[in-house]
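Engineer: Residue numbers (the numbering used here): 54 to 972.
#1: Note down, in chain order, each residue of its chain lying with its Cβ closer than 6 Å to the Cβ of residue 998, except the 5 sequence neighbours on either side.
#2: So which of 250, 685, 220, 801 has the shortest CA-CA distance to residue 777?
#3: Any contact between the stretch 882-895 and the stretch 448-460? By contact I mean 3 or more CB pairs, one from each, below 8 Å.
#4: Cα separation between residue 416 and residue 730?
#5: DSSP three-state label for residue 842, please.
#6: Under the three-state reduction of DSSP, which class applies to residue 382: helix, strand or coil?
#7: Kindly list the residues whose CB is nearer than 8 Å to the CB of residue 297, restricted to its own chain and excluding five residues on each side of it in sequence; keep chain order.
#8: Below 8 Å, can you find three or more Cβ-Cβ pairs linking the stretch 514-534 to the stretch 246-262?
#9: Quick one: using the 10 Å Cβ neighbour count with 16 as the cut-off for buried, is residue 162 buried or exposed?
#10: With a Cβ-Cβ cutoff of 7 Å, do residue 933 and residue 426 count as a contact?
#11: Here's the rule I'm using: 16 or more other beta-carbon atoms within 10 Å means buried, otherwise exposed. How should residue 588 be labelled?
#12: Per DSSP, what kind of secondary structure is residue 787 in: helix, strand or coil?
#13: Tell me the residue span of the beta strand (DSSP E) that contains residue 681.
#14: Apart from the five residues just before and just after residue 391, which ones in its own chain have a Cβ nearer than 8 Å to its Cβ?
#15: Would residue 688 and residue 786 be called neighbours here (beta carbons separated by less than 7 Å)?
#16: If we define contact as Cβ-Cβ less than 7 Å, is residue 195 a contact residue for chain C?
#17: So, residue 483 versus residue 658, is the Cβ gap smaller than 7 Å?
#18: How many angstroms separate the CA atom of residue 337 from the CA atom of residue 387?
#19: On the DSSP bridge assignment, give the partners of residue 919 in chain order.
#20: What whole-angstrom Cβ distance do residue 60 and residue 237 have, given they're in contact under 8 Å?
#21: By Cβ distance below 8 Å, which residues in the same chain neighbour residue 399 in space, the five residues on each side in sequence not counted?
#22: If the criterion is Cβ atoms closer than 7 Å, does the pair residue 295 and residue 74 meet it?
#23: Taking all protein chains shown into account, do 16 or more other C-beta atoms lie within 10 angstroms of the C-beta of residue 57, making it buried, or fewer, making it exposed?
#24: Quick one: using the 10 Å Cβ neighbour count with 16 as the cut-off for buried, is residue 565 buried or exposed?
#25: Only counting the same chain, and skipping five residues up and downstream in sequence, which positions put a Cβ closer than 7 Å to that of residue 123?
#26: Along the chain, where does the beta strand (DSSP E) that runs through residue 712 open and close?
#27: Of all the options 290, 155, 137, 717, which has the alpha carbon lying nearest to the alpha carbon of residue 184?
#28: Could you spell out where the alpha helix (DSSP H) holding residue 337 opens and where it closes?
#29: Taking the straight line between their C-alpha atoms, what separation do you get for residue 832 and residue 900?
#30: Pick helix, strand or coil for residue 832, following the three-state DSSP scheme.
#31: Would residue 195 pass as a contact of residue 279 if the rule is Cβ separation under 7 Å?
#32: Starting from residue 16, trace the beta strand (DSSP E) both ways and give me its first and last residue.
#33: Can you have a look at residue 649 and say buried or exposed, based on whether 16 or more other CB atoms are within 10 angstroms of its CB?
#34: Where are the beta strand (DSSP E) runs, 3 residues long or more, that stay fully inside the stretch 159-195, in chain order?
#35: Suppose only complete runs of 4+ residues qualify. What are the alpha helix (DSSP H) ranges in the stretch 451-506, listed by chain order?
#36: Quick check on DSSP: helix, strand or coil for residue 944?
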């Protein structure tokens with residue numbers, strides 16, 4: 054499906070597409086009451102209590118005043134409805150503020166000031182610096198002569214670095230005064246939620262350009278809720294408006310997560326309901342028998358001799374009303390209230406503040422705090438989660454020569470500095486690729502100092518290292534790059550950029566040397582994405598050894614390569630690239646195929662090694678949580694050796710002989726199958742041994758295992774406490790979480806980047822780290838923390854306390870309801886099994902509201918053990934993981950023992966008191 058946006062054609066666009074009014078409201082004034090009641094009565098417990106309340110309106114069968122049920126029921130519904138109404142009202146105020154914001158648009162060739170909600174698809178919108186983007190726009194002009202602007206996308210994807218956006222090539226050179234008169238059509242896909250992709254085409258009408266087709270990408274757009282920065286003004290064409298913007302399509306209420314305690318309460322409610330029906334049937338039959346046999350002998354019993362056809366149902370229905378209090382009506386409201394307080398305790402915890410960034414921990418999901426105390430598996434990202442994500446260039450191998458091995462810092466290696474000074478061709482080309490094969494933006498301050506805005510910390514480290522080696526990236530004007538090398542300026546024209554994807558695992562740029570006109574392909578990427586494409590005859594063994602050596606040191610590696618292109622070769626390829634870039638269907642796949650035609654016969658220049666240090670407290674945190682019985686899986690995109698070294702350094706796995714690593718490798722189905730069988734057999738043998746066994750698998754083998762050997766891999770996952778999954782994609786991370794959940798394990802996923810979002814959302818509990826990769830993971834998570842080490846306190850302190858308190862409250866709610874119900878049942882045996890209530894209506898209402906409310910309030914602050922004790926003895930968490938607090942007390946033997954041994958004395962006391970009152 055396609056959408057055609059006609060630029061500056063108000064009438065046509067207004068009829069076809071929605072306006073820019075934003076609405077995140079769940080209700081309206083007309084549908085609030087019916088819709089809210091429908092949602093509340095969709096729950097079994099609410100349907101049950103509504104039925105009970107309606108039955109109590111029948112005077113013949115009700116043993117108590119209907120107010121005893123209608124009062125609490127209306128109160129509970131009113132509280133829930135008020136909360137929903139307040140949340141929806143706040144959404145309305147937020148929408149109103151956004152909709153009524155003033156913006157400049159072009160209408161009938163004239164610039165006008167209108168409200169943002171009146172923007173239509175096809176309108177030309179003008180924005181000034183620091184203004185918020187009101188809808189999704191395709192850029193057609195900026196104040197920069199090169200057509201560049203900078204936007205802050207933190208509100209959209211959580212990434213704090215500025216992004217570069219550029220106007221399409223078809224709009225280059227159009228005069229400022231002519232922009233509001235522009236006519237043309239944009240062919241784009243129907244609205245979707247993918248904020249990283251926009252495959253479209255632009256065709257301008259004469260006299261601007263003679264119907265030439267211009268491809269558009271996400272770099273030609275600025276999306277709703279972004280902010281314009283460091284740019285005086287921009288103008289763009291509205292392509293998606295209102296709730297059809299990419300941000301609007303991404304909005305929505307996530308699926309609620311059901312905690313283990315909630316699941317147990319649901320099961321218990323069903324079991325008690327069945328038990329209640331049995332009790333009602335037995336007592337109903339007994340009551341009717343007593344009425345027909347014994348009641349006629351008692352002069353004071355005034356049962357009518359002949360009754361209506363439904364007479365046999367009267368006594369059972371009375372007992373149904375009496376026993377309805379077996380299921381506590383207030384349990385849901387009570388749990389929601391205390392869970393909100395547990396979430397606030399996390400927000401208020403001063404011991405979980407990251408002092409470097411002043412970032413506090415935050416609970417986004419207030420309903421699952423007790424699940425933190427039952428975590429069995431933690432699946433964690435590596436870069437930025439276990440490590441600091443502060444990349445430092447440490448070593449390199451250029452042309453087979455190793456630099457930085459002795460000093461540990463290649464930038465201080467005299468041999469490398471001398472090679473740069475002497476103009477070694479291999480070293481100069483290597484450093485040139487480091488400096489310009491990237492998407493970094495140099496920013497010059499008023500003092501002349503140059504800083505870099507990079508979307509990747511690796512790219513920032515490489516550019517900074519190149520600058521230390523006198524290859525300084527000083528300026529970027531549209532497609533022209535300026536490099537300052539030894540006080541001389543070298544210019545390169547960027548002809549094409551072959552962007553990085555998780556499938557290709559490399560990026561390349563095609564540049565032209567402005568001095569000699571030669572065209573070069575510069576590439577960098579993972580070793581398996583570069584070395585196999587080396588030119589015939591080049592010896593790559595040294596580079597493979599360098600990659601292995603650096604990986605064993607825990608360093609991140611990248612291979613750099615280049616190739617000189619002939620003019621006619623480039624021109625032929627450029628036509629294919631342009632054609633692939635302009636297609637609207639499968640553009641990403643077509644581009645990957647075209648890129649493959651150019652990225653071959655590469656001359657490998659060398660290997661870089663970048664250090665990413667561990668965060669403080671990571672080894673201690675992992676060791677403590679392991680003692681608490683929690684298993685760890687590391688899911689990373691790094692190389693196998695790098696991941697293993699990081700895992701060893703942070704106590705993720707144990708070194709030999711205490712630990713054992715089992716490798717699962719293979720490129721074919723048979724190889725992976727044999728490897729899985731071998732590892733699984735070893736796992737079965739060593740499960741009885743006190744040995745820390747872990748398996749390691751790469752992304753390729755994992756893909757085959759998940760597709761062809763899922764059952765075997767699932768068994769392996771159950772047996773293994775530790776796993777290292779390397780070179781995995783975001784979708785594979787989510788699949789691994791799904792496998793562990795399918796085995797009924799309580800999972801927690803933690804990460805810091807956008808590639809971790811799917812994993813975080815798939816897990817029972819998602820934790821995001823507010824890191825250097827932005828806030829995207831933190832916003833998608835149930836909990837956000839500043840550093841990995843805070844996970845220990847989050848689980849052991851807040852998780853355990855929340856679980857204990859929630860389990861106690863749920864137990865207490867059922868116990869107090871069962872207690873008063875059994876008193877009523879025992880009373881029925883001395884009241885002719887007639888279904889008469891022992892208590893009046895006021896006493897029944899006060900029982901829940903006043904008499905038994907103190908333990909509920911006190912339990913919120915209850916601490917069975919001090920925080921210090923819990924942190925020093927993490928094994929205490931075993932009791933929570935087993936779920937004993939929320940299930941054991943409800944086993945029938947325990948329940949009846951409790952009722953009859955501990956509470957029967959109370960029942961007898963009340964009955965004796967009643968008998969004495971008659972005398």
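Think of the CB as a built atom: it goes at the ideal place given N, C-alpha and C, for glycine as much as any other residue.
Structural biologist: This is what the structure gives:
#1: Lying outside 54 to 972, the shown extent of the chain, residue 998 is not represented and no answer is given.
#2: For the purposes of this step, residue 777 is identified with residue 724 of the chain shown, where counting begins at 1. The candidate whose alpha carbon is nearest that of residue 777 is 685.
#3: no
#4: Position 363 of the chain shown holds residue 416. Position 677 of the chain shown holds residue 730. Cα-Cα distance, rounded: 42 Å.
#5: Here residue 842 refers to the residue found at position 789 of the chain shown. Here residue 842 sits in coil by DSSP.
#6: Counting from one through the chain shown, the residue named residue 382 turns up at place 329. Note: residue 382 maps to coil in three-state DSSP.
#7: In the chain shown, residue 297 corresponds to position 244, counting from 1. Correct list, in chain order: 70, 71, 244.
#8: no
#9: As a working note, residue 162 is residue 109 in the chain shown. Residue 162 comes out exposed.
#10: Locating residue 933 in the chain shown gives position 880, where the first residue counts as 1. Locating residue 426 in the chain shown gives position 373, where the first residue counts as 1. Yes, the pair counts as a contact, with Cβ atoms nearer than the cut-off.
#11: Numbered from 1 along the chain shown, position 535 holds the residue referred to as residue 588. The residue is exposed, with fewer than 16 neighbouring Cβ atoms inside 10 Å.
#12: As a first step, residue 787 is located in the chain shown; it is residue number 734 there, counting from the start. Note: residue 787 maps to helix in three-state DSSP.
#13: Indexing the chain shown from 1 puts residue 681 at position 628. Residue 681 -> no beta strand (DSSP E), and no H or E assigned at all.
#14: For the purposes of this step, residue 391 is identified with residue 338 of the chain shown, where counting begins at 1. Around residue 391: 858, 859, 862, 909, 912, 913.
#15: By one-based count along the chain shown, residue 688 stands at place 635. By one-based count along the chain shown, residue 786 stands at place 733. A contact, by the Cβ cut-off of 7 Å.
#16: Absent here is chain C; the protein component of the structure consists of one chain.
#17: Locating residue 483 in the chain shown gives position 430, where the first residue counts as 1. Locating residue 658 in the chain shown gives position 605, where the first residue counts as 1. Yes, they are a contact pair.
#18: In the chain shown, the residue the question calls residue 337 occupies position 284. In the chain shown, the residue the question calls residue 387 occupies position 334. Cα to Cα, the separation comes out at about 33 Å.
#19: Taking the first residue of the chain shown as 1, we reach residue 919 at position 866. BP columns for residue 919 are empty, so no partner.
#20: Residue mapping note: residue 60 aligns to position 7 of the chain shown, counting from 1. Residue mapping note: residue 237 aligns to position 184 of the chain shown, counting from 1. Contact flag correct, Cβ pair sits at about 5 Å.
#21: Indexing the chain shown from 1 puts residue 399 at position 346. Closer than 8 Å at the Cβ level, and outside the excluded window around residue 399, lie 405, 414, 415, 416, 422, 836, 847, 851.
#22: Locating residue 295 in the chain shown gives position 242, counting from the first residue. Locating residue 74 in the chain shown gives position 21, counting from the first residue. Yes, they are a contact pair.
#23: As a working note, residue 57 is residue 4 in the chain shown. Answer is exposed; the Cβ neighbour count stays below 16.
#24: As a first step, residue 565 is located in the chain shown; it is residue number 512 there, counting from the start. Buried is the call here.
#25: For the purposes of this step, residue 123 is taken as residue 70 along the chain shown, with counting starting at 1. Excluding residues within five positions, the ones whose Cβ falls inside 7 Å are 106.
#26: Counting from 1 along the chain shown, the entry for residue 712 is found at position 659. Residues 712-717.
#27: Position 131 of the chain shown, counted from the start, is the residue given in the question as residue 184. It is 155.
#28: Position 284 of the chain shown, counting from 1, holds the residue named residue 337. Segment 313-346, the alpha helix (DSSP H) holding residue 337.
#29: On the chain shown, residue 832 is found 779 positions in, with the first residue counted as 1. On the chain shown, residue 900 is found 847 positions in, with the first residue counted as 1. The alpha-carbon atoms of residue 832 and residue 900 are separated by roughly 42 Å.
#30: Along the chain shown, read from residue 1 onward, the residue named residue 832 stands at position 779. Residue 832 falls in the helix class under three-state DSSP.
#31: For the purposes of this step, residue 195 is taken as the residue at position 142 of the chain shown. For the purposes of this step, residue 279 is taken as the residue at position 226 of the chain shown. No; because the gap between Cβ atoms is not below 7 Å, this pair is not in contact.
#32: The question about residue 16 has no answer, for the chain in this structure spans 54 to 972.
#33: Taking the chain shown and counting its residues from 1, the one referred to as residue 649 is at position 596. Exposed is the call here.
#34: 163-168, 177-181, 189-195
#35: 467-475, 478-489
#36: Here residue 944 is taken as the residue at index 891 of the chain shown, counted from 1. Residue placement at residue 944 cannot be trusted, given a pLDDT of 45 that sits under 50; the coordinates are not used to answer.
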